[in-house]
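Before any comments, here is the structure.
Numbering (our numbering), first residue to last: 3 to 63.
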């Protein structure tokens, strides 16, 4: 199954509350922190909401 490496590259300060909560739900707390999640439709939807704040890399495992 594919995995996604998600990295926070822009601060969610002064963003919409929905965006701040989505970043926190992804498990990102600090700038340049990365997390790895399974490639599921729900994670893809969360990434789409905050696509201007994160970078995404696909990892094959």
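Note that beta-carbon positions come from the ideal geometry of N, C-alpha and C, so glycine has one too.
(request) Might you give, ordered along the chain, the residues of its own chain that have their beta carbon closer than 8 Å to the beta carbon of residue 4, omitting 5 neighbours on each side? (result) 40, 41, 60, 61, 62 and 63
(request) State the DSSP-derived secondary structure class of residue 36, mapped to helix, strand or coil. (result) strand
(message) Are the CB atoms of residue 49 and residue 30 within a distance shorter than 8 Å?
(response) no
(request) Would you decide whether residue 14 is buried or exposed? Buried here means 16 or more other CB atoms lie within 10 Å of its CB. (result) buried
(request) Would you tell me roughly how many angstroms separate the C-alpha atoms of residue 51 and residue 34, rounded to the nearest one? (result) 18 Å
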